[in-house]
Amino acid sequence: MKTKLLKTLLLATLILNAASGYGQELKKQLSSDVCSCFTQAKGSSTLDFDTFQNCFGQSLIKYKDDIEKLIDINSDIPEHEQGYRLGNQIYTEVQSDLIHNCDPFFSLIEEMREASITSMRQQTSQQMIDSLSTLIAKHQTIDLLWQRGTKYFAFQDLEKAEMDLRECIRLDPNYIQADFFLAWVLERKGEFLKARELYEKVYSVTNKQEILLAIDILKRKHKH
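Count along the sequence shown from 1, then add 335; that gives the number in my numbering.
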C-alpha cells in the first residue's frame, strides 16, 4: 500500500512540475535506477514485466523525500485525483525512456511482442486460412478479410497480410484493428516511417499505452 501511494504521488506531482528542471532530473534518476535494477536482475532470474514493476516500486521508495518536495499543496485537485488522471503518463514516460536507453528492457518488450506472434501462430493453421479463402470467394466481408490477414501475419506471409488489411481499410477507413495489424506488418517489413504513422493513428483513437511503446520501439529501430 505504501508503494502504491508513493507511486500515485510521484505520478501526479512530476507531471504537474513537468517544466521544472528538478522534476525532469528526478525522472531521469528514476529511469536510470530502474534500468540498473533491471539489468542486475538479469543475472539472477528470468526477466519479465513483473521484474520491471518491482524495480519501479523500489525506486519510488528510494526517492520518497524528493517526491514529497514536488507535491503541490496549493493545488485545487486532490492528490488522489491527480494520480488517477495523470498517473499513466509518467509511468509511460519512464517506460519510453527505458526503451531508448535500457537495452535489457527494450529486449524484454521485443520478446513479449514476438511471443504474442508465436501464440497467434499456434492458434491458427493453413486449413483455417483455406476455409476463410473459400468464404471470401463466396461473399467477401471486412471481418473475413481481417481474420485472414491476421492469420497470414501470424505465418509471416507479410505480402498477403498487407493486401487483406489494406482492403479492409479501403472498405472502412475507420477499421482501427486493420490499421494496427497493418502497422505491425509494415514494421516487420522494415517500413518504419509508414508503420509509425499508422501506430500514431491507432493511438489517437485508442489511447492505449502499448501503442506508445510500439512507437518508441520504431523510433529506436529507425535511429539505428
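A virtual CB, placed ideally from N, CA and C, is assigned to each residue, including glycine.
Check, Outcome
"Top-ranked residue by Cα proximity to R501, from H557, K362, C370, A530", "A530"
"Burial state of K558 (16 or more Cβ within 10 Å)", "exposed"
"I434 and I552 closer than 8 angstroms at C-beta", "yes"
"Exposure label - G484; buried when at least 16 CB within 10 Å", "buried"
"Where N304 sits in the DSSP three-state scheme", "Outside the modelled stretch of the chain, which goes from 336 to 559, sits residue 304, for which no answer is possible."
"Beta-carbon contacts of L479 that lie in its chain and below 7 angstroms, excluding the five residues immediately before and after", "L467, L470, I471"
"L470 - DSSP class collapsed to helix/strand/coil", "helix"
"Residue from N542, L443, Y487 whose Cα sits closest to the Cα of M499", "Here the sequence assigns Asp to residue 499, which means Met is not the residue at that position. D499 has its Cα closest to that of Y487, out of N542, L443, Y487."
"Counted within 10 angstroms of its Cβ, other Cβ atoms place S460 as buried (16 or more) or exposed", "exposed"
"C437, DSSP secondary structure in three states", "coil"
"Cβ separation of R523 and L493, assumed to be a contact under 8 angstroms, to the nearest whole Å", "6 angstroms"
"DSSP three-state assignment for E526, whether helix, strand or coil", "coil"
"N-terminal and C-terminal residue of the alpha helix (DSSP H) that D478 is part of", "477-489"
"Among C370, W481, F391, the one whose alpha carbon lies nearest that of D507", "W481"
"Three-state secondary structure assigned by DSSP to T459", "coil"
"Coil, strand or helix - T381 by DSSP", "coil"
"Own chain, CB closer than 6 angstroms to D465, minus 5 neighbours either side, in chain order", "none"
"Where D411 sits in the DSSP three-state scheme", "coil"
"Option nearest Q512 by Cα separation, candidates K377, C390, V537", "V537"
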